[in-house]
Structure formats: structure tokens, C-alpha cells
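Just so you know, the sequence shown maps onto residues 1 to 128 in UniProt numbering. Heads up: the structure comes next, in C-alpha cells.
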Amino acid sequence: MSEENVEVVAEEKEEIKSFKALGLCDKLVEACESLGWKTPTKIQIEAIPHALEGKDLIGLAQMGSGKTGAFALSILQSLLDYHSKQEHKSSPVFFACVLSLTRELALQIAEQFEALGSGIGLKCAVVR
Numbered sequence: 001m002s003e004e005n006v007e008v009v010a011e012e013k014e015e016i017k018s019f020k021a022l023g024l025c026d027k028l029v030e031a032c033e034s035l036g037w038k039t040p041t042k043i044q045i046e047a048i049p050h051a052l053e054g055k056d057l058i059g060l061a062q063m064g065s066g067k068t069g070a071f072a073l074s075i076l077q078s079l080l081d082y083h084s085k086q087e088h089k090s091s092p093v094f095f096a097c098v099l100s101l102t103r104e105l106a107l108q109i110a111e112q113f114e115a116l117g118s119g120i121g122l123k124c125a126v127v128r
């Protein structure tokens with residue numbers, strides 16, 4: 001891929017100004033707004049569309065840049081998409097396991113999931 005192509009891709013991604021434009025449903029967009037998130041961060045713009053396509057990602061960004069939101073929103077949207085399929089509507093499912101280095105970080109991640117998933121009946125647990 002040439003440098004020109006890389007720049008064009010970056011410019012196209014910068015045009016994304018809303019969580020809805022990333023492919024998130026209205027309930028998740030509302031959850032973002034209730035947390036005071038007006039627009040997605042750079043890591044969210046870069047990661048969420050790829051994650052929603054089922055691609056594996058490694059994202060590096062500074063603390064406070066929105067990394068947890070990026071993977072949490074992707075997981076929650078995928079969970080909603082999974083449950084929207086007729087054959088999965090009534091069955092509860094274990095959908096994701098997030099590992100962290102410390103108990104404190106695990107609690108922070110769970111808190112973020114619970115806040116983002118509050119409108120969809122999300123159940124979240126931290127195992128110590």
C-alpha cells in the first residue's frame with residue numbers, strides 16, 4: 001500500500017463524526033451520549049468498524065483515549081447483532097471474556113460495560 005492510500009484512508013476515517021456512523025445501534029449511541037461522549041475518539045474511529053467486521057485487533061493509544069470504550073462498544077454491538085437473529089432471541093449466552101492485568105482495571109472495565117450496556121439489560125461480572 002502506498003503512502004497516498006494510507007493518507008486517503010486516514011482522511012476518510014476522520015470524516016466519521018458520530019457513534020451512529022461507526023455502525024452502533026441507537027441504544028448504544030444513547031449510552032455514549034449519557035456518558036457525555038459527544039464524538040468518537042481516534043482509537044474508536046479506527047477500531048470499531050474493523051471489530052464489527054469480526055477482525056482481530058491490537059490497539060495502542062494513551063491512557064484516557066477511549067480504548068475501553070472502543071472494545072466495549074464493539075462487543076456490545078456484536079452481542080446485540082447476535083441476539084437479533086431469530087434462533088438466538090430467547091437463549092441467554094456467554095458472549096465475551098475480558099482479561100485485565102489488575103483487579104482495579106477489571107473493575108473499571110466492568111463499570112464501563114455496565115454504563116454502556118445499561119439500556120440493553122447487560123449482565124456483567126468480575127471474577128477475582
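Ideal Cβ positions, reconstructed from N, Cα and C, are used throughout, including at glycine. Since the model is a prediction, treat every value here as computed from it, not as a measurement.
E114: buried (16+ other C-beta within 10 angstroms of its C-beta) or exposed? exposed
Indicate the three-state DSSP secondary structure (helix, strand or coil) for E104 in the structure shown. helix
Given a cut-off of 7 Å, decide if I75 and A61 are closer than it, judged by their beta-carbon atoms. no
Going by CA-CA distance only, name the one from L116, S118, F71 that's closest to A96. F71
What three-state label does DSSP hand I120 in the structure shown? helix
Contacts around E30, its chain only, beta-carbon distance under 7 Å, and the 5 residues preceding and following it disregarded: G119
DSSP state of F113, grouped into three classes? helix
Would you mind working out which of T68, Q77, P49 sits nearest S100, comparing C-alpha positions? T68
Shortest alpha-carbon distance to D81 belongs to which of E111, K27, V98? K27
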